[in-house]
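These notes concern the structure reproduced below.
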Amino acid sequence: MANSLQTPLLHLNKAHYPVTTLGPGRRIGLWFQGCALTCPGCVSQDTWAFDGDQALPLSVLLAWCQEAASNELDGVTISGGEPFAQPAALLALLEALRDWREAAGLHFDILCYSGLPWRRLQREFAPILALLDASIPEPFQSRHPTRLLWRGSANQPLIPLSPLGRERYAPYLDREAERRPFQVVVDSERVWGIGIPGPGDMERLEQQCAERGVRLGAMSWRG
Ligand code: SF4
Numbered sequence: 009m010a011n012s013l014q015t016p017l018l019h020l021n022k023a024h025y026p027v028t029t030l031g032p033g034r035r036i037g038l039w040f041q042g043c044a045l046t047c048p049g050c051v052s053q054d055t056w057a058f059d060g061d062q063a064l065p066l067s068v069l070l071a072w073c074q075e076a077a078s079n080e081l082d083g084v085t086i087s088g089g090e091p092f093a094q095p096a097a098l099l100a101l102l103e104a105l106r107d108w109r110e111a112a113g114l115h116f117d118i119l120c121y122s123g124l125p126w127r128r129l130q131r132e133f134a135p136i137l138a139l140l141d142a143s144i145p146e147p148f149q150s151r152h153p154t155r156l157l158w159r160g161s162a163n164q165p166l167i168p169l170s171p172l173g174r175e176r177y178a179p180y181l182d183r184e185a186e187r188r189p190f191q192v193v194v195d196s197e198r199v200w201g202i203g204i205p206g207p208g209d210m211e212r213l214e215q216q217c218a219e220r221g222v223r224l225g226a227m228s229w230r231g
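Quick note: the sequence shown uses the numbering used here, first residue 9, plus one each step.
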């Protein structure tokens with residue numbers, strides 16, 4: 009099992025369990041901190057800065073995953089930010105998750121988002137892709153909205169990468185969502201959403217809050 013002495017620190021924006029809106033079943037969600045892609049319309053601009061202060065040893069994150077999920081999970085979804093901007097940490101995380109999965113006899117899948125083009129991921133990050141069960145790559149394009157499940161824009165494919173990934177994701181490759189799955193989480197400092205909002209959803213939320221006398225402070229969909 010990986011430990012903090014052998015692995016780099018991981019810059020994380022947030023972690024949550026259970027996540028039910030970014031992949032099938034009840035999942036752990038891990039959002040990496042740092043993204044230089046600046047896709048127009050990105051609703052996660054709080055993940056862009058590379059000077060995020062939440063750097064933690066991989067062993068600490070893994071222990072949190074194991075305690076939070078209590079071995080009852082269907083998958084882990086890694087998003088961001090741009091996970092592939094921290095390739096050493098991402099590789100170490102995937103190795104640790106797979107070690108845990110095997111040692112505990114679990115069957116959770118590992119899905120990883122990326123804003124990088126699929127061809128570039130294949131060219132530069134093959135050892136990382138080999139440890140994933142599925143990926144949703146390509147930059148978010150707000151001018152190409154979609155109802156495809158778990159996708160932000162129509163150019164983003166869902167790509168199974170392992171036998172488990174092919175088995176689990178086959179029913180969802182072209183499935184469209186009637187209503188976009190979206191969770192709202194409240195912690196001591198912020199209210200945040202998990203899922204893929206549609207065009208104008210965040211502005212509507214902002215307006216509805218204002219109509220009820222709730223003024224939002226810093227918003228991740230505004231720079
Ligand atoms: S949509 Fe994703 S890849 Fe694009 S800027 Fe936002 S966090 Fe980065």
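Positions of the beta carbon are idealized from the N, C-alpha and C atoms, including for glycine.
Is DSSP giving residue i helix, strand or coil here?
i, result
"residue 201", "strand"
"residue 116", "coil"
"residue 17", "strand"
"residue 191", "strand"
"residue 138", "coil"
"residue 39", "strand"
I'd like the list of long-range same chain contacts for residue i, defined as Cβ closer than 6 Å, with 5 residues on each side in sequence excluded.
i, result
"residue 186", "none"
"residue 157", "180, 183, 185"
Using the Cα positions of residue i and residue j, report the straight-line distance between them to the nearest angstrom.
i, j, result
"residue 92", "residue 23", "17 Å"
"residue 52", "residue 120", "16 Å"
"residue 167", "residue 159", "12 Å"
"residue 66", "residue 99", "11 Å"
"residue 39", "residue 84", "11 Å"
"residue 105", "residue 143", "16 Å"
Compute every distance between the C-beta of residue i and the non-hydrogen atoms of the ligand SF4, then say whether any falls below 7 Å.
i, result
"residue 45", "yes"
"residue 148", "yes"
"residue 73", "no"
"residue 50", "yes"
"residue 55", "yes"
"residue 90", "yes"
"residue 113", "no"
In chain order, what residues of the same chain have a beta carbon less than 8 Å from the beta carbon of residue i, not counting five sequence neighbours either side?
i, result
"residue 81", "25, 26, 33, 34, 35, 36, 114, 116"
Does residue i get closer than 8 Å to chain B when you measure Cβ to Cβ?
i, result
"residue 214", "No chain B is part of this structure, which consists of one protein chain only."
If you count every other CB in all the chains shown that lies within 10 Å of the CB of residue i, and 16 or more means buried, which is it?
i, result
"residue 165", "exposed"
"residue 90", "buried"
"residue 145", "buried"
"residue 21", "buried"
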